[in-house]
Amino acid sequence: MMPHYLDANATEPLRPEAMAAMLDAMATTGNPSSIHRAGRDARRIMEDARESLARGFGGDPADLVFTSGGTEADALAVHALGTNRRIVVGATEHDAIRSAAPNAAILPVDRNGVVDIDRLAAILADGPPALVCVMLANNEAGTIQPIPAIAALCRRFGALLHVDAVQAAGRMPVTLVSDSMAISSHKLGGPAGVGALLLSAEHSHITPLIRGGGQERGRRGGTPPVAIIAGFAAAARIAAADGARDRLGALRDSIERAALAQGAIVCGAGAPRLANTTCIALPNVRADAQVIALDIDGISVSAGSACSSGKVAASHVLQAMGLGTLAGQAIRVSLPWNATTADVEAFADSYARMAGRMRPSGMTNPMADRAA
Amino acid sequence: MSGGVDSSVVAGLLHEAGHEVIGVTLQLYDHGVAVGRKGACCAGQDIHDARRVADRLGIAHYVIDAEDRFRQSVIANFADSYAAGETPVPCVRCNQSVKFHDLTVLARDLGAERLATGHYVRRIDGPNGAELHRAIDAERDQSWFLFATTRSQLDGCLFPLGAMPDKRAVRGVAERLGLMVADKPDSQDICFVPSGTYIDTVAKLRPDAVAAGDIVTADGTVVGQHDGIARFTVGQGKRLGQAAMLSGQRQMVVATEPGTRRVVIGPRGAAGTDRVSLREVNWLIDPPTTSLRCRVKLRAREEPHWADVTPTPEGAAVHLDMPALPAPGQACVFYDGDRVLGGGFIQRPDA
C-alpha cells in the first residue's frame, strides 16, 4: 500500500536540500564558541544560516535567536516580553503559547477563526500595558490573522506583539512586523529540533530562559546544533523559492470538493487560509474514527491535538470558532510541499468509502443508542 | 488491548495466524486524575504497554477516547446503583456499553470483520448461530461478566483465550512472542479505582450513598449505626459493629434501603429467598415461551443453583430449587452446562 502523507502541519517531509546542507555541516567538527579554526568553521556555517534566515523573514541577524524549536521560541518571547505586562492571547493559539501564559486574557475569534479586532482595541484601551500573542496562521484551520492591523493597534496602545509564525513560515510570505516572531524548522521542511525567535531592534536585549554559557549573545544558553541549523536555513531558502502555493491550493481545493460531495463541512473557509491546510468536519462521525479509517488506507491526517497517550481531545481551536459538536468531528488535512495529485485521489477514494460506511453509524452518538 | 498480557496475547496470536490486526485501546478515565497527582499524564502505563506490544508485533494501534462514555455509562451507574440500595457489577456495564457495543460499531465502521478480546470465554458456532460458553480454565472463566453481550455482537466476536488451559499457558505464549508484558501482574478488580477505595468514587458522585443511617432488624428495631449503605451488600457480615451478634446469633445484611438509608440485618443462615426477579434480561438463545429448567449463578464466583426461569414482561422470574441470597444489582446468569443461555440484573424485591 502506497503511503500518502497529508499531515504537513504536524511536520513537513525533510527537503532534500536541507538534508544535503546537514550532511555537509555534520562533517564539520567544531563548536561555534571556540576560537580555533574548527570553531570558526562551525561558526561560519551557523552565522551564514542566521543571516540567510533573518534576510528571509525580514529581521536583523543580530536579533535572531536560535532555540530548540517553535515551542521554546514562544516560551522565550512570553518570558522576555511579558514580564510586568498583562498578557492577551488569541483563543486559537497553540499550546506553546497557551501554556506559557496560563493566566492570559483570551481574545475571541469569529466563526472563521479570525480574532476580534474591535474586542482587542477595547481590551487594550482599558488597563495596564499588555503583551499580545496572536499567531500568523492557525495549525488546525489554517486561518491567517490580520497581523498588520493587529500590530498597528498594539503600537497605538503601547502594547507589545508576539507573533507565532510557526505554521506560516515557509508557506506564505512572512516578514517581522511585530516585537517578536517565532518560527520553526520542521514546519518548513527542515529538521526538527531547531527554531528561532526573531526580535525587533527595541527588544534585542532580553532575559534568557536558559542562561548557560551565554551563547546567542546571552539570550539562549547551550551549544547550538550547527548541522540542523544549516538544514533549517537551507529549507527556508527553498521554501521561499519553490512557489508551491498555487499548486498546493489547487490540490487542497480538490480535497475539499471530494469531502463536500460526501456531505462534509469545511471549517473556517470564509477567511484567508494557508494554501495547504483544510479542516473538514463530517457531521455525526467521530474524528478519531475518521483518522483511523483513513490511516488503515495508508492516508495520514490528524484531528484535534493528540496528547502523549495518542488520545485525541476535542479541538480547542474549533470550539473557539463556535463549531460546537462539529469540533469533535473534524479532521485536518495539511498538504506537504511534495504533495501530488495521486495523494489527493487516494484521499478522495478513501474518504468516500469511509463516509459511506460511517455516516449512518451508531458510533456517532453512543448515548443515543444505549445498549440495554 | 488493555496493555495487559491477555489482550496482548490475543493480538499476537491473531497476527501470527496471518490476520490484519488493528489494536485499539480504550482510554476509559484520566489516569492523572485517578491517581490524584497534579500534572500527571492522562495516560497510564497500561496504554504505553499496549502501544509497545503493538510496536513489537508490527500492527497498527490506536487509543480511543471513551472517557465521557465510561463516566456516564459505567462510573455514574456504579454510584447510582449503590445509592439505589444495590451492589453493581461495573465490568458488566462496561462490557455491554463501551466494549461490546461501541467497539463492535467501531469495528464495523473501520471495515473490520471481527472484534477479538482477551476475555476468558469461548464462542462456539452452533446450529442457531454463535454460542457463548465458559472458558476451559474454570478459574479464569469470565462468562458471567459477558451475559449481556447480544447475539449479534457475539456473532462478530472472537475470544482466543477461552480455549487456553490456564494463565500460565497464556504467559507462555506472550514469552514466545517476545511480548514484554508476559510477566505483568493481573489487573485489579475495579480499574477506575486505582488508589483509595471504591467508596471515595461513590461518595463524590452520590454522597447520599455514604451518609450515616440506622442498622435495623427485620421488624424495624434500631440495633446500630452505619456509615453509608454503599458499604453494604446482601450477605455481608462485616462492618456491623455491635449488631454483628444479636441474642447469640451472628447477623448479616439482608437488604439496604435507599430512601430511609437503613441497613436491614437478619440471622445468618435463616434468611434467603427462592424467588428472584430480573430486569434487562439478555437471551443468547431464542427466548423461551414457557419456563426454562437450567442452572443459574447469582454471583461471579459461586456454584450454580438449579432453577426454573420464566420470561416476564419486565425481564424474567427465577424460581430457585433452594433459597439463596441474591444481591440486587448483581447479575443472574443462566447456564446449560458450560453454555450461557442468558441473564439479567437482580431486582430489589420491592421493585
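Protein chains in written order, with this note's numbering: chain H, 1 to 372; chain S, 1001 to 1351. From the three backbone atoms N, C-alpha and C, an ideal C-beta is built for every residue, glycine too.
Should residue i be labelled buried (16 or more other beta-carbon atoms within 10 Å of its own) or exposed?
i	result
His1133(S)	buried
Ile417(H)	Because chain H in this structure spans residues 1 to 372, residue 417(H) falls outside the shown range and cannot be described.
Glu1067(S)	buried
Ala1163(S)	exposed
Ser178(H)	buried
Met367(H)	Unreliable placement is indicated for Met367(H), whose pLDDT of 36 sits below 50; no coordinate value is reported for it.
Met1322(S)	exposed
Ser1247(S)	exposed
Ile35(H)	exposed
Glu12(H)	buried
Ala1017(S)	exposed
Lys1204(S)	exposed
Ile1064(S)	buried
Asp7(H)	buried
Met1(H)	exposed
Asp380(H)	In this structure chain H extends from 1 to 372, so residue 380(H) is not present and cannot be described.
Pro1185(S)	exposed
I'd like to confirm the pairing. Which residues does DSSP put opposite residue i in its beta bridges?
i	result
Arg332(H)	Cys279(H) and Ser302(H)
Met373(H)	Outside the displayed range of chain H (1 to 372) lies residue 373(H), so it cannot be described from this structure.
Val1121(S)	Arg1134(S)
Met181(H)	Val163(H) and Leu198(H)
Val1170(S)	According to DSSP, Val1170(S) bridges with nothing at all.
His4(H)	Ile299(H)
Leu64(H)	Leu198(H)
Met172(H)	Ala169(H)
Ile1346(S)	Leu1278(S)
Thr1273(S)	Ala1324(S)
Ala1116(S)	Leu1158(S)
Below 8 Å between beta carbons: does that hold for residue i and residue j?
i	j	result
Ala168(H)	Leu131(H)	no
Val65(H)	Ala196(H)	yes
Ile1346(S)	Leu1292(S)	no
Phe1078(S)	Val1098(S)	no
Ala165(H)	Ile183(H)	yes
Gly328(H)	Ala264(H)	no
Val1010(S)	Gly1118(S)	yes
Ala1243(S)	Ala1083(S)	no
Gly1003(S)	Ala1060(S)	no
Ala227(H)	Met354(H)	no
Val1170(S)	Val1005(S)	yes
Gly1196(S)	Asn1282(S)	no
Ile97(H)	Asp116(H)	no
Ala236(H)	Leu282(H)	no
Ala240(H)	Gly56(H)	yes
Leu198(H)	Ser180(H)	yes
Gly1058(S)	Leu1177(S)	no
Where do the N-terminal and C-terminal ends of the alpha helix (DSSP H) with residue i fall, by residue?
i	result
Gln1045(S)	Gln1045 to Leu1057
Pro1185(S)	Premise fails: Pro1185(S) is in no alpha helix (DSSP H) and is neither H nor E.
Ala105(H)	Per DSSP, Ala105(H) belongs to no alpha helix (DSSP H); it is in the beta strand (DSSP E), Ala105 to Leu107.
Gly82(H)	Gly70 to Gly82
Ile296(H)	Ala287 to Ile296
Pro1201(S)	The question names Pro, but residue 1201(S) in the sequence shown is Thr. Looking at the DSSP string, the run of the alpha helix (DSSP H) that includes Thr1201(S) is Tyr1198 to Leu1205.
Thr341(H)	Thr341 to Met358
Arg85(H)	It is not in any alpha helix (DSSP H) - Arg85(H) carries neither H nor E in the DSSP assignment.
Gln1153(S)	Arg1151 to Asp1155
Cys154(H)	Ile147 to Arg156
Ser99(H)	No alpha helix (DSSP H) holds Ser99(H); DSSP gives it neither H nor E.
Arg1108(S)	Leu1103 to Asp1109
Asp1006(S)	Val1005 to Glu1016
Asn1077(S)	Ala1076 to Ala1083
What residue range does the beta strand (DSSP E) around residue i cover?
i	result
Val1264(S)	Arg1262 to Pro1267
Tyr1062(S)	Ala1060 to Asp1065
Ala949(S)	Residue 949(S) falls outside the range modelled here, since chain S spans only 1001 to 1351, and no answer is possible.
Gln1225(S)	Val1222 to His1226
Asp1214(S)	Gly1213 to Thr1217
Leu1026(S)	Ile1022 to Gln1027
Val1089(S)	Neither: Val1089(S) is in no beta strand (DSSP E) and is coded neither H nor E.
Give, in chain order, every unbroken run of the beta strand (DSSP E) that is at least 3 residues long and sits entirely within the segment 112-144 of chain H. 130-135
Would you mind listing the beta strand (DSSP E) stretches within the segment 1282-1342 of chain S that are 3+ residues and don't spill past its ends, in chain order? 1292-1297, 1305-1311, 1315-1324 and 1331-1336
Of all the alpha helix (DSSP H) runs that stay within the bounds of the segment 197-279 of chain H, which reach a length of 4 or more residues? 215-218, 226-241 and 245-260
Run through the segment 6-57 of chain H for me and flag every whole alpha helix (DSSP H) of 4 or more residues, listed as ranges in chain order. 16-26 and 37-56
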